[in-house]
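Residue numbers (the numbering used here), protein chains in the order written: chain A, 4 to 153; chain B, 4 to 153; chain C, 702 to 1111; chain D, 702 to 1111.
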Amino acid sequence: MADLKELYRQVILDHYRNPRRRGKLSGPHVHAEGLNPSCGDEFFLDIRVEDGAITDAAIEGQGCSISQASGSMMMDAIVGKTIDEVRGVSGQFKLMMGIDEGEDPLDHERPGAVLGDLEALQGVRKFPVRIKCADLPWTTLAEALERAEV
Amino acid sequence: MADLKELYRQVILDHYRNPRRRGKLSGPHVHAEGLNPSCGDEFFLDIRVEDGAITDAAIEGQGCSISQASGSMMMDAIVGKTIDEVRGVSGQFKLMMGIDEGEDPLDHERPGAVLGDLEALQGVRKFPVRIKCADLPWTTLAEALERAEV
Amino acid sequence: MTDLTHLRDDFPILSREVNGHPLVYLDSAATTQKPVQVLDAVDHYYRTMNANVHRGAHALSVEATDAYEGARARVASFINAGSPNEVVFTRGTTSALNIIAYGYGLNVLKPGDKVLLTIMEHHSNIVPWQLIARHTGVELVYLDLTEDYEVDLSQLDRILDDAVKIITVSGMSNVTGTLGPVTQLVAAAKSVGAIVVVDGAQLVPHYPTDVEALGADFLVFSGHKMLGPTGIGVMWGKAERLEELEPTEGGGEMISDVQLYESRWAAVPQKFEAGTPPIAQAIGLGAAVDYLEKIGMTAVREHEVDITGYALERLADVPELTVYGPSDPSRRGGAVSFELADIHAHDVATILDQYGIAVRAGHHCAKPLMRHLEVAATARASFYVYNTHDDVDRLVDALMEARKVFGLDG
Amino acid sequence: MTDLTHLRDDFPILSREVNGHPLVYLDSAATTQKPVQVLDAVDHYYRTMNANVHRGAHALSVEATDAYEGARARVASFINAGSPNEVVFTRGTTSALNIIAYGYGLNVLKPGDKVLLTIMEHHSNIVPWQLIARHTGVELVYLDLTEDYEVDLSQLDRILDDAVKIITVSGMSNVTGTLGPVTQLVAAAKSVGAIVVVDGAQLVPHYPTDVEALGADFLVFSGHKMLGPTGIGVMWGKAERLEELEPTEGGGEMISDVQLYESRWAAVPQKFEAGTPPIAQAIGLGAAVDYLEKIGMTAVREHEVDITGYALERLADVPELTVYGPSDPSRRGGAVSFELADIHAHDVATILDQYGIAVRAGHHCAKPLMRHLEVAATARASFYVYNTHDDVDRLVDALMEARKVFGLDG
Ligand SMILES: Cc1ncc(COP(=O)(O)O)c(C=O)c1O
Ligand SMILES: Cc1ncc(COP(=O)(O)O)c(C=O)c1O
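Here you go:
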């Protein structure tokens, strides 16, 4: 089952089992909630935006390995980044997943060079119904950024 | 079209075009209304019951030739008859039409001997959906008799 | 004009006999026949991908969902909807009208508000509003018909005021063939801030329909009257209308969360699709829409104007026959109601049936209109893409026979 | 026990492959597959007698009406109804529950009245009552489940009082397979004069059901979960209940007269069948009922107890697998929900799908129950007449593979 191995790579299972930054933020932050009504996956996100950058973030919720790992990886990819950089990552991610149309941004000679751990989610493309799972944290992030009015 | 000729006999068309006792009764009487919701045929009946007999009757309403002729013929068959006789006619009618199960009561050697003009309605049996039309005045009569508490 | 005769081969039922005669089916306003393309689409669904939709993480469920949502997209493009999300699948026109009536009735309308209808409406566009009136105290107001069987707009100014919240009108009468004055009513509605509901049960199957051009807020129609299966219909609504409309039916699929005492709704259109939807039927409707688009709705309409014109012409030759409906075929649909001498409509239908000709007789679920026309029942011949001039000729011949049966000169 | 393996030949879809493996369909609680007998009945209807029902004076219409009413009679005899008139055709279970909730809710129930439910109900038996509660001020009260996944009746005495007007309960849970305690609730209802509604969506397809023995006032179920088409369901009601229940949907066919401002209803069951009904689908359901009766519902139930027992036995061998539901197969239905180690249900379903095995994952439209069980999602295998021990073996093998994919020892 080559496709399954591609889908459930070790790094995904690691993030699923040991998600980064679980919890809530205290102090000033914006909150957003993502829900996939057809499967029930939930993703709750707190971010703190200061001086045009995401300085802190935390996640809660539950769901499949793909949505939860994607969320955990997102933490690594956005905290400490400027909003512009975050938008860039998000754009690259959506291109990689085929959610937005365009060329695959990944450099296949140098795995991890563009999106880091997130590149492990490539395998999801072969499972179209699961793309929504991988994307859930990112649509939630978009909503949080909108609320933050950045 | 032999079946059609059987269905629309001259005597039926005569009753349809010149129905007996159209109108309403004044003075004491009971009223009943029959409705065939699937086709919209309406049959309104007034009867006067005195000393165990139907001494007067009148009909109104509208509908197809079969229901209207059946009602008009019913007038001839019930006015001036005792309730028991009326019940007898009604029973014979329903046997003839195959509405109630049992042997055909008609004497085919002597047409008209049992039910008079009503026997012209035999042809309706070949048109099962129209049997309801022929029966409408008779179900209305049954309701009127029930109301008259005879 | 495109000749559509070749289409007849797609309809298996048309080669059957009735009472010893080849079937002449003139009851398409009640329900249309189905081409093999539609039957095959339904069968194919059941044989290869049947599963519940929007639910599964398994292949069949994904395929079934794609097919179901694909049908939605096809219907949306057929009526030029802004988005597939504006298309809600319902059980039929009646069901859709009830969703709208209850949705506004139980949640928006107030005592004293008015709903404006026309006297030519089908019971399905009257009774839901009566039920709502009973629960809310809204008032129903009717527009009459003119002598030419057109909706009488001369009274509109008098009737129209701010209390009118909903105007609901048939796009095409199933009795007289009258086209509803949708454009004028949309303009009138705009002036008082009312919404416009179009009962498209007869319109959409027969007339090129573009919801953007139409300008109404809701358009509803039934699959079974446009070559599709029974058990499926459509409620199209403008996106903002569907957002504001509260759902009537509760259940699975229409929620985003259910707590013990309250729930949150799913997004449009799922919000209105409680429970397992008519999946195979939606897919069948998708195939019907494909079939109609292949003919082209302009050709469908042209064929209808032609055959209706021919029918009106031929029927004019039958003595003592009265047609109820506009006389100009280009200003009406193909439902032709008539009365023949003193022969009751049911008797007409029974006699025609003996010649293999299927017409309807009765009040056509439009009793208020029948009262207005002062008839208790009419016979009705109605046409669709598979009907031919030959069908009309056979109708006329049989009507002459009916006269004979009733002792009138032929 | 009767061997049902030969039935598989009747289901065309079962010979298809999914992801390179022969399909193992274990999602029958969501919807069942259809035998050719049902597909043929529907196809035959459309090809030979398609027409609108209860309307025409022409041959097709008569044949269609006979077929439609014949299906009603077959369904009535299948559940041992007192008369075919006690069988109302609806779009499905959800639709039927809404008709009951609105019918009583808008016309009979008063603020302070109570509706008693159980925590294991499907959203379709919760949300309609919530909607009604919003419009009427009735209160919803829930019975819990015991540790053994049975409805907890120990609280019943405390909860039950004269304010309880309706008790509504699932005959069989689509998540845990729990059988609803209908007999006890019917007795309890009698003591306070409440009516009992049974959601038979999972019960009727799987369990011999006799409405007279059941003693409830209403029983509702869906065709698509018992080998029939989508788009059709049944609301059975005791004659006197159907008489007293006000119709919710208004439209054609459900009236005996329509005036401009008020109408009179047709007799039961037409009163509840507004508009053109799902004719072909009812006929398909009739064929499904024939098919089930030919197997015999006792044999259907025996097969289910057998395969559920085998599944529970084999699943017990899979490490770290938790089943949610009663352990005695003779006291439960064949919907088996489970969790496997720390693998999320969707991941389980995706992995099984790669092996051609169709199971469902999620909340199964029963969020209150999921909260009660303290799980966000489960995977669910559910069985029907065409499933075999071999299917269970393939499920178990694939679950062991899932463990490997997630790095757990096989
Ligand atoms: C117990 C139960 N009730 C109600 C329903 C709803 O049935 P439908 O979706 O056919 O309306 C289902 C099926 O999903 C069910 O399992
Ligand atoms: C104008 C019109 N409106 C509504 C309806 C009701 O459609 P349905 O019976 O498919 O719900 C019909 C068809 O009978 C109709 O002709």
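Ideal placement from N, C-alpha and C gives every residue a C-beta, glycine not left out.
A quick note: this is a predicted structure, and the numbers were derived from the prediction, not measured.
Proximity of chain C to Phe130 (chain B) at the Cβ level (cut-off 8 Å) is accounted for by Thr1051, in chain order. Contact of His755 (chain C) with chain A is assigned, a C-beta pair being separated by under 7 Å. Using a Cβ-Cβ cut-off of 7 Å, Gln831 (chain D) counts as an interface residue toward chain C, since at least one Cβ of chain C sits closer than that to its own. Excluding the 5 residues flanking it on each side, Thr791 (chain C) has same chain C-beta neighbours closer than 7 Å at Ala797, Ile800, Gly934, Val935, Met936, in chain order.
Close to ligand 2, as judged by a C-beta nearer than 5 Å to any of its heavy atoms, are the residues C:Gly793, C:Thr794, C:Thr795, C:His823, C:Ser825, C:Ser871, C:Asn875, C:Asp900, C:Ala902, C:Gln903, C:Ser923, D:Gly976, D:Thr977, in chain order.
Using a Cβ-Cβ cut-off of 8 Å, Pro970 (chain C) is close to nothing in chain D; its nearest Cβ partner there is about 16 Å away.
Remark: C-beta atoms of Lys939 (chain C) and Ala902 (chain C) do not approach each other more closely than 7 Å. In the three-state reduction of the DSSP assignment, Phe1084 (chain C) falls in the coil class.
Assignment of beta-bridge partners to Gln65 (chain A) by DSSP yields A:Glu45. The alpha-carbon of Thr1079 (chain C) is positioned some 20 Å away from that of Leu139 (chain B).
For the pair Tyr726 (chain D) and Ala1059 (chain D), the CB atoms are nearer than the 7 Å cut-off.
Residue-level contact check: Ala774 (chain D) does not touch chain B, since none of the beta carbons of chain B fall below 7 Å from its beta carbon. Distance between Phe779 (chain C) and Lys815 (chain C), taken at the CA atoms: about 32 Å. Between the region 711-727 of chain C and the region 1048-1064 of chain C there are three or more inter-stretch CB-CB distances shorter than 8 Å, so the stretches are counted as touching.
By the neighbour-count definition (other C-beta atoms within 10 Å, threshold 16), Arg113 (chain B) is an exposed residue. For His34 (chain B), the beta-bridge partners assigned by DSSP are B:Asp49.
The beta carbon of Glu840 (chain D) lies closer than 6 Å to those of Lys815 in the same chain, with the five residues before and after it left out. Here Leu144 (chain A) has Ala35, Leu48, Ile50, Met77, Ile81, Val89, Ser93 as same chain residues with Cβ atoms under 8 Å from its own Cβ, once five neighbours each way along the sequence are excluded. Counting the other Cβ atoms within 10 Å of the Cβ of Ala1077 (chain C) gives 16 or more, which makes it buried. Close to chain B, meaning a Cβ-Cβ distance shorter than 9 Å, are the following residues of the region 1061-1087 of chain C: Ala1062, Gly1063, His1064, Lys1068, Met1071, Ala1077, Ala1078.
A Cβ-Cβ contact shorter than 7 Å links Gly74 (chain A) with Phe46 (chain A).
By the rule that beta-carbons nearer than 7 Å mark a contact, Gln1055 (chain D) touches chain A. Residue contact with chain A for Ala864 (chain C): absent (no Cβ-Cβ distance below 7 Å to any residue of chain A). Within the region 7-19 of chain B, those residues whose Cβ lies closer than 9 Å to any Cβ of chain C are, in chain order, Leu7, Lys8, Leu10, Tyr11, Gln13, Leu16, Tyr19. Check the Cα spacing between Pro909 (chain D) and each of D:His1064, D:Asn781, D:Val1093, D:Ala774: the tightest is with D:Asn781. Counting only runs that start and end inside the region 839-919 of chain D, the beta strand (DSSP E) elements of at least 3 residues fall at 840-844, 865-871, 896-900.
When the five nearest sequence neighbours on each side are left out, the beta carbons in the same chain lying within less than 7 Å of the beta carbon of Cys67 (chain A) are those of Asp44, Cys136, in order along the chain. Taking 7 Å as the threshold, the shortest C-beta distance from Ser68 (chain B) to chain C falls below it. Closer than 7 Å to the CB of Gly987 (chain D) there is not a single CB belonging to chain C. Within the region 51-77 of chain A, contact with chain D at the beta-carbon level (separation under 7 Å) is assigned to Gln65, Gly66, Cys67, Ser68. Counting only the Cα atoms, Ala889 (chain D) lies some 11 Å from Lys866 (chain D). A distance below 7 Å between beta-carbons, with the five flanking residues on each side excluded, links His836 (chain D) to the following residues of its chain, in chain order: Gly806, Leu807. Taking 9 Å as the Cβ-Cβ cut-off, the region 124-150 of chain B approaches chain C at Phe130, Val132, Arg133, Cys136, given in chain order.
When secondary structure is reduced to three states using DSSP, Asn799 (chain C) falls in the helix class.
In this structure, Ser923 (chain D) places its C-beta atom within 7 Å of the C-beta atom of Thr794 (chain D). Counting only runs of 4+ residues, the alpha helix (DSSP H) found wholly inside the region 1012-1096 of chain D occupies 1046-1055, 1068-1074, in chain order.
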